[in-house]
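Participant: So that you can map any letter, position 165 of the sequence shown is 162 in my numbering, and since no number is skipped, the others follow by simple counting.
Glycine included, each C-beta is placed from N, C-alpha and C at the ideal position.
Since the model is a prediction, treat every value here as computed from it, not as a measurement.
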Amino acid sequence: MLAGEARYGRYALFTDFIYLGLEADGTSPGPLALSAEVNMNTVVWTFGGSYRVVDNGTATLDVLAGGRLWYLDTDLTVTGPLGVREASGSKTWVDPLIGVAGDVALGNGFGLHGEADVGGFGVGADIDWQVQGTLQYRYSDSLTLEAGYRYLAVDYDEDGFVFDIAMQGPIIGARFRF
């Protein structure tokens, strides 16, 4: 995962890029054993702009709008008594999204960051949403360390292709300002 933001006053452009590569294989027992291998590559690219509606020195709140591109590529190989069968496919779509992001200073260099967005609206996915929150520590004027949790989900169903997943887990990061 890699994220970035370029800010000018109350306006900002943002981006967030995730690459996820998964593979699995297995074999069924018995005289008619089958073995299968699946490889799936997923790219999730979020992009857009925001406007800071609150900035009071202790807290900020941004409203945002943009899009989220999803790219999936899957390969399946099944080997059995009748030989090898292979299938593959890929799918790409872009969901519009809206959301909010905010920060609250806690003192002594500590702060909280939160972010939530929702999208899809039937344009691409039926729904596409995420929430994330982090505890931050401002080490210096140019470096902030953070740790938290992120939940990202999508429900896409078109022409028999169904992709209904949630990715979640702890996140750690560093923010560099220059």
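Tell me, which residues are paired with Met37 by DSSP?
Facilitator: BP columns for Met37 point to Leu19, Thr71.
Participant: For Ser139, which beta-bridge partners are listed by DSSP?
Facilitator: Note: Ser139 sits in no beta bridge, so no partner.
Participant: Output the distance between the C-alpha atoms of Ala84 and Leu73, rounded to the nearest integer angstrom.
Facilitator: Between Ala84 and Leu73, the C-alpha separation is close to 5 Å.
Participant: Please list the segments of the beta strand (DSSP E) lying wholly inside the segment 96 to 149, counting only runs of 3 or more residues, in order along the chain.
Facilitator: Counting whole runs of 3 or more residues, the segment 96 to 149 contains the beta strand (DSSP E) stretches 107 to 117, 124 to 135.
Participant: Using a threshold of 7 Å, state whether the C-beta atoms of Gly117 and Asp92 are closer than that.
Facilitator: Yes. Within cutoff.
Participant: Would you report the Cα separation of Ala62 and Ala122, rounded to the nearest angstrom?
Facilitator: Looking at the two C-alpha atoms, the distance is approximately 16 Å.
Participant: Measure the C-alpha to C-alpha separation of Tyr134 and Ile168 and round it to an integer number of angstroms.
Facilitator: The alpha-carbon atoms of Tyr134 and Ile168 are separated by roughly 14 Å.
Participant: When you compare only the Cα positions, how much space is there between Tyr16 and Val40?
Facilitator: Approximately 5 Å, taken between the alpha carbons.
Participant: What is the rounded straight-line gap between the Cα of Gly77 and the Cα of Gly86?
Facilitator: If I take the Cα positions, the gap works out to 21 Å.
Participant: Please state if the CB of Leu69 and the CB of Lys88 are separated by a distance shorter than 7 Å.
Facilitator: In contact: Lys88 and Leu69 (Cβ atoms closer than 7 Å).
Participant: Near Gly1, which residues of its chain fall below 6 Å by C-beta distance, leaving aside the five closest residues on each side in sequence?
Facilitator: For Gly1, where only same-chain residues beyond five positions count, the Cβ hits under 6 Å are Thr12.
Participant: Is Met(-2) helix, strand or coil by DSSP?
Facilitator: If DSSP states are grouped into helix, strand and coil, Met(-2) belongs with coil.
Participant: By how many angstroms is the C-alpha of Ser32 removed from the C-alpha of Ala21?
Facilitator: Their Cα atoms are separated by approximately 11 Å.
Participant: My guess is that Asp59 and Val97 are in contact by the Cβ rule of under 8 Å, so how many angstroms apart are they, rounded?
Facilitator: That pair is a contact at about 7 Å.
Participant: Can the beta-carbon of Ser47 be found less than 7 Å from the beta-carbon of Ala102?
Facilitator: Cβ distance not < 7 Å, so Ser47 and Ala102 don't count as in contact.
Participant: Could you check how far apart the C-beta atoms of Thr43 and Val51 are, in whole angstroms? I think they sit under 8 Å.
Facilitator: Wrong, their Cβ atoms sit about 22 Å apart, outside the cutoff.
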